[in-house]
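Everything in the sequence shown is counted per the UniProt record's numbering, starting at 1 for the first residue and increasing by one.
Here a beta-carbon is modelled for each residue, glycine too, at the ideal position from N, C-alpha and C.
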Amino acid sequence: MKRIFKSLGLGFGLLVLHCLIGSITVDIFTKIFKLHLQQDENVLVTLGSYSTLAILYYISLNKNKLVNEYNFKKICIKDIIYIILLGIGIDSISTIIINSLINIFPGYIEVTNKMDASTNSIISIICFVVFIPIFEEIMCRGIIFNHLKRNYSIVSAIIIQALIFGLLHGNIIQSTYTFICGIVFVLVNIYCGSIFGGIILHIIFNLFGVLYLKNLLTFNEFYSTIYLSLGVLIFAYIGFKMILNYKKHNIKNKYSKV
């Protein structure tokens, strides 16, 4: 029971801190620097997010341990290629989920319109594609997942962090596909032994999300169907290859220690 309260305290504390710093950031940059709340949403979210990270880093007792624990390690080119292809696949799966649920939850159209409006400049797109994914990976697959991993089984930690990641997006459709993404992102981190795996995958996912928002990948229904089908096949193939590689690597390490 004690560890449950500790986990709830961590989650609630991070949420309150992020909301508080985010609110202060929005007030400062909308009133003093005249940023627009809707059009500059991604910029404001980025500023608030990294202010939160800066404070968390500042109050951390052991900064070197913090960096090592979250596995900021280089990953090889082959794994980066796998991750990019996997990103195309997970984006296709997410698009299929959206297309399947949007008639049931038509309010999501308003969400996509809002997202489209918030990616109206190069700076906003960079924030959405690069900086926000980095923050979310450090928070969800870094701070939250590592805490859960120390206190619960690895399976429970994977599922709980994915649930938190999904719920943070605030609507049923986004929560559904981001829950799946949360599982895939953390599994990629485990495969690579580095949080950079999830960061790269998240960046690719958001990049293709922007391309869809800007109608650059929705040529027509026929070509979209082909693209999405290929994406699912790529996801299945690359996922299978990564699982085989991971098992092979573990077996090799096991026998090298004998």
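Exercise. Where does I125 fall in DSSP's three states?
Worked result: helix
Problem set entry | Straight-line gap, L47 to T25 (C-alpha atoms, nearest Å) | 7 Å
Problem set entry | L85 versus L207: straight-line alpha-carbon distance, rounded | 13 Å
Exercise. Is it buried or exposed for P133, if we count other Cβ within 10 angstroms and need 16 for buried?
Worked result: buried
Problem set entry | Nearest neighbour of I104, chosen from I173, Y57, K73 [CA to CA] | I173
Exercise. Under 7 Å between the Cβ atoms of I195 and G239?
Worked result: no
For this session: Ignore the nearest five residues each way along the sequence and tell me which others in N42's own chain have a CB closer than 6 Å to its CB.
Result: S118, S124, C127, F128
Exercise. In angstroms, rounded to a whole number, what distance separates the CA positions of N146 and N71?
Worked result: 10 Å
Problem set entry | Candidates C76, E110, S60, of which the one nearest residue 259 by Cα | Outside the modelled stretch of the chain, which goes from 1 to 258, sits residue 259, for which no answer is possible.
For this session: Within the same chain, show all residues whose beta-carbon is closer than 6 Å to that of N189, passing over the 5 residues directly before and after it, in chain order.
Result: R141, I195, G197, G198
Problem set entry | Through-space distance from N113 to V45, alpha-carbon basis | 18 Å
For this session: Would you list, in sequence order, the uninterrupted alpha helix (DSSP H) runs of no fewer than 4 residues that lie entirely inside the stretch 1-89?
Result: 2-31, 41-59, 63-69
For this session: Thinking I160 and L168 are a contact (beta carbons under 8 Å), I'd like their distance in whole angstroms, please.
Result: Contact flag wrong, Cβ pair sits at about 13 Å.
Problem set entry | Three-way DSSP call (helix, strand, coil) for S175 in this model | helix
Exercise. By how many angstroms is the C-alpha of I226 removed from the C-alpha of I138?
Worked result: 34 Å
For this session: Kindly indicate which three-state DSSP category I102 falls into: helix, strand or coil?
Result: coil
Exercise. Hey, A157 and F179: beta-carbon distance below 7 Å or not?
Worked result: no
For this session: Excluding the 5 residues preceding and the 5 following D79 in the sequence, name in chain order all residues of the same chain whose CB lies nearer than 6 Å to its CB.
Result: C192
Problem set entry | A231 and I88 closer than 7 Å at C-beta | Reading off the sequence shown, one finds Gly at residue 231, where the question assumed Ala. Yes, the pair counts as a contact, with Cβ atoms nearer than the cut-off.
For this session: Alpha carbon to alpha carbon, how far is H202 from F131? Give it in angstroms, no decimals.
Result: 10 Å
Exercise. Considering V155, what are the terminal residues of the alpha helix (DSSP H) in which it resides?
Worked result: 154-167
Problem set entry | Cβ-heavy atom distance, Y191 to the ligand FMN, below 6 Å | This structure does not include the ligand FMN; it has no bound ligands of any sort.
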